[in-house]
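*Asks:*
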Amino acid sequence: MSELQPTPKPRRNWLKIAGVALLLIVLVLFPVITGTEVAYLKAGQYVLIGVVGAVGLTLLVGQAGQLSLAHPFFLLVGAVSYAVLAGDSGDSGDLVGLGLPPLVAMIGAIAICALVGLAFAPVAGRLRGIYLGVASLSLVFLGLYLGQSLDMFSGGTSTGRPPPTFDLFGFRFANTEPAPTVLGVAIQKQQRLWYLFLVLALGAYLLARGAVRSRVGRAWRAVRDNEAAATAMGVHVTRAKAQAFTVSSAFAGTAGVMTALWLDLVKPDENEFVGTYSITVAIGFLAMVLIGGLGSIPGAVAGAVVVNGLPQLLTLGATEFGWSIGTLSPVLISAFVYGAAIVLVVLFEPGGLAAIGRRLTSRQGDR
314 MSELQPTPKP RRNWLKIAGV ALLLIVLVLF PVITGTEVAY LKAGQYVLIG VVGAVGLTLL
374 VGQAGQLSLA HPFFLLVGAV SYAVLAGDSG DSGDLVGLGL PPLVAMIGAI AICALVGLAF
434 APVAGRLRGI YLGVASLSLV FLGLYLGQSL DMFSGGTSTG RPPPTFDLFG FRFANTEPAP
494 TVLGVAIQKQ QRLWYLFLVL ALGAYLLARG AVRSRVGRAW RAVRDNEAAA TAMGVHVTRA
554 KAQAFTVSSA FAGTAGVMTA LWLDLVKPDE NEFVGTYSIT VAIGFLAMVL IGGLGSIPGA
614 VAGAVVVNGL PQLLTLGATE FGWSIGTLSP VLISAFVYGA AIVLVVLFEP GGLAAIGRRL
674 TSRQGDR
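At position 364 of the sequence shown the residue is numbered 677 (our numbering), and the sequence of numbers has no breaks.
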């Protein structure tokens, strides 16, 4: 009788570990690498905003199987909530402001978005597919109406309102004199915001990975695959859908606060098709999760880099290096590119960039 052979331990993919470590080093040193070129930092910050929003959406669409186009609405709610909670009434007294500490205001804005998402959960729990997508899209129109009507909160479409400067235990995320320096580079407002956004993006990524691997994540996937089978296994389908929508709304609210700080302005859109909180933004976030791979957290990050990073890169190229393609704007070119990417993903690689990445890393690990 032969002895049982010990189960071989899984081989670590050292190439992947080294790649992640190198990426983290580059991200931490990015303000030093860019130096005084704050335009590159602004572009990177915009990508990080997309990362937080896309990670939240892929939890809802990819993990829980709920189609949602409501992300711009929660971006607006998060931005306005932060401005109201941390702001003041201004010199004329025509704005509502509670004057809370910025960190408390950020947490409060995220909580408000989560509660609004929870309030929409009964609708999300009864609808599926395109019906839920259309119902969630109505929230974008609701946000447009409320943002234009409630001037005392949003500041209105003409002027908007500036968000309060973020402050963390007395450290202001603004230009100061003297400023701390790292390798000869002054760490001013944009550098400080980069590190704030990087921490928020990393936190969102880790929280999402933890949720996917937890019992809650397994319940989401069970509901996505077969609601009847999930019910037979003891999963409360309505509760699982409500949890997914609430968590996704909180992620979108975080991205909304980041958007307010990035623009240094909270201003509702003038129409529902073009702007910071428009239907175009909803399609952009959906493109992120499709290109990256439905349900994949790293894929959502990659999709955000493509969809939010490409317009910024082309804009920088046009202004600094004279890149141009006729009369096409960088935004229009980017729309063509990620539109074509969606078609290619649907036709040839439904798993998106995440599946391509897994194949490449597994091949390297087998060598």
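Positions of the beta carbon are idealized from the N, C-alpha and C atoms, including for glycine. Nothing here was measured: the structure is a model prediction, and the numbers come from that model.
#1: Determine the direct distance from the alpha carbon of V525 to that of S315, and round the result to whole angstroms.
#2: Since I believe V529 is in contact with E540 (beta carbons under 8 Å), could you give me their beta-carbon distance rounded to a whole number of angstroms?
#3: Once you ignore the five residues that flank E585 on each side, which residues in its own chain have a CB closer than 7 Å to its CB?
#4: Less than 7 Å between the CB of H384 and some heavy atom of the ligand FAD, yes or no?
#5: Apart from the five residues on each side of it in sequence, which residues of its chain come closer than 6 Å, Cβ to Cβ, to L496?
#6: For G410 versus G400, is the C-beta spacing smaller than 8 Å?
#7: Tell me the residue span of the alpha helix (DSSP H) that contains I655.
#8: Check whether the Cβ atoms of Y364 and V619 lie closer than 8 Å to each other.
#9: Assuming I604 and I655 are in contact, meaning their beta carbons sit under 8 Å apart, how far apart are those beta carbons, in whole angstroms?
#10: Relative to the C-alpha of Y651, which candidate in G616, T632, E662, L629 has its C-alpha closest?
#11: Between the segment 346 to 354 and the segment 554 to 562, can you find at least three pairs of beta-carbon atoms closer than 8 Å?
#12: Mapping DSSP to helix, strand and coil, what is A487?
#13: According to DSSP, simplified to helix, strand and coil, what is A492?
#14: Please classify N621 as buried or exposed, where buried requires at least 16 neighbouring CB atoms within 10 angstroms.
#15: Tell me the rounded alpha-carbon separation between P476 and V339.
#16: Return the chain-ordered list of same chain residues with a C-beta closer than 8 Å to the C-beta of L388, the five sequence neighbours on each side being excluded.
#17: Leaving out five residues before and five after L513 in sequence, what residues of the same chain have Cβ atoms less than 8 Å from its Cβ?
#18: By Cβ distance below 8 Å, which residues in the same chain neighbour D577 in space, the five residues on each side in sequence not counted?
#19: Excluding the 5 residues flanking V587 on each side, which residues of the same chain have their C-beta closer than 8 Å to its C-beta?
#20: Taking the alpha carbon of Q501 as the reference point, which residue from Y508, N488, L511, W507 has its own alpha carbon closest?
#21: Hey, could you find the ends of the alpha helix (DSSP H) V579 is sitting in?
#22: For V602, collect the residues of the same chain with a Cβ closer than 7 Å to its Cβ; drop the 5 residues on either side in sequence, then sort them by chain order.
#23: Pick helix, strand or coil for V614, following the three-state DSSP scheme.
#24: What's the gap between the Cα of G357 and the Cα of M546?
#25: By Cβ distance, which residues of its chain are closer than 7 Å to V536, with the 5 residues on each side in sequence left out?
#26: Can you tell me whether DSSP reads L440 as helix, strand or coil?
#27: Where do the ends of the alpha helix (DSSP H) carrying G332 lie?
#28: The alpha helix (DSSP H) spanning Y590 covers which residue range?
#29: Check this for me: beta carbons of G460 and P581, under 8 Å apart or not?
#30: With respect to the alpha helix (DSSP H) encompassing S471, which residues constitute its N-terminal and C-terminal limits?
#31: G430 and S562 look like a contact to me (Cβ under 8 Å); what is the Cβ gap, rounded to whole Å?
*Replies:* According to the data block:
#1: Unreliable positioning characterises S315 in this predicted model, as indicated by a pLDDT of 47, which lies under 50. A coordinate reading is not provided.
#2: No, E540 and V529 are not in contact; Cβ-Cβ is about 16 Å, not under 8 Å.
#3: V453, F454, L457, S591, I592
#4: For the structure depicted, the ligand FAD is absent and the ligand set is empty, with no information on it obtainable.
#5: V345
#6: yes
#7: 643 to 661
#8: The sequence shown places Val at residue 364, rather than the Tyr named in the question. No; because the gap between Cβ atoms is not below 8 Å, this pair is not in contact.
#9: 6 Å
#10: G616
#11: no
#12: coil
#13: coil
#14: buried
#15: 29 Å
#16: G366, A565, G566, A568, G569, T572, T589, Y590, V594
#17: L361, V365, T567, M571
#18: P475, P476
#19: T593
#20: N488
#21: Element bounds for V579: n/a, residue is neither H nor E.
#22: A367, L370, T371, V374, G375, A613, G616
#23: helix
#24: 44 Å
#25: A377, G378, A543, V548, V550, A553, K554
#26: coil
#27: 327 to 347
#28: Counting along the chain, Y590 falls outside any alpha helix (DSSP H), and DSSP gives it neither H nor E.
#29: yes
#30: 469 to 472
#31: 3 Å
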